[in-house]
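First up is the structure itself, then whatever we jot down about it.
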Amino acid sequence: MASWSLKIAEIPQHSSPDSHSSLSRHPQVRVAMAVPVPVPVLSSWGHSGDVGQNSRPNIVVLMADDLGVGDLCCYGNKSVSTPNIDRLAHEGVLLTQHLSAASMCTPSRAAFLTGRYPIRSGMASANNMYRSLTWLASSGGLPPNETTFATLLQHRGYRTGLI
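Counted from 1, the sequence shown has number 95 at position 95 by the UniProt record's numbering; the numbering is strictly sequential.
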């Protein structure tokens with residue numbers, strides 16, 4: 001079985017509007033916020049029987065708006081047929097223990113992609129937790145200096161994409 005490790009030194013330093021906070025000055029806290037997101041996604045490393053010792057696994061992350069934990073067959077729904085998603089779940093990793101960093105789409109996706117709390121990447125503010133609602137038809141998004149787990153995978157030779 002092949003193994004994969006993410007070296008702590010590979011996690012870049014972030015500069016953000018709140019970089020003066022005491023949390024951002026402690027590298028171990030930054031690492032703790034950056035590592036939990038990629039690790040569950042990458043934990044599928046040895047789970048497929050077709051993955052050879054010298055090959056890397058394919059990593060597919062599906063995110064959908066307004067999808068509850070019990071809405072798919074693979075999570076127990078008996079009234080809706082989702083055979084293709086069920087097959088992906090059966091052949092890969094089915095995550096069952098997880099939390100969302102925010103109750104809204106933009107901040108929670110930013111946290112998922114970066115491994116950081118939404119406020120750290122500017123996706124939520126202390127004064128207005130619902131700031132993402134004001135971005136309709138605007139160009140708001142992650143700051144260009146943010147590092148996502150897709151970027152870390154690119155450094156490892158993966159091709160990444162977003163649909």
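Heads up, the beta-carbon is just placed ideally off N, CA and C, and yes, glycines get one too.
Span separating the alpha-carbon of residue 115 from that of residue 108
Their Cα atoms are separated by approximately 10 angstroms.
Once you ignore the five residues that flank residue 101 on each side, which residues in its own chain have a CB closer than 7 angstroms to its CB?
Answer for residue 101: 107, 108, 111, 117 and 118, listed in chain order.
Roughly how many whole angstroms lie between the Cα atoms of residue 3 and residue 55?
Unreliable positioning characterises residue 3 in this predicted model, as indicated by a pLDDT of 40, which lies under 50. A coordinate reading is not provided.
Is the CB-CB distance between residue 113 and residue 64 below 9 angstroms?
No, the Cβ-Cβ distance between residue 113 and residue 64 is not below 9 angstroms.
Could you tell me the distance, in whole angstroms, from the CA atom of residue 83 to the CA atom of residue 95?
Straight-line Cα distance between these residues: approximately 17 angstroms.
Out of curiosity, what's the CA-to-CA distance linking residue 75 and residue 103?
About 21 angstroms.
Count the other CB atoms within 10 Å of the CB of residue 146; is the residue buried (16 or more) or exposed (fewer)?
Around the Cβ of residue 146, a 10 Å sphere holds 16 or more other Cβ atoms; the residue is buried.
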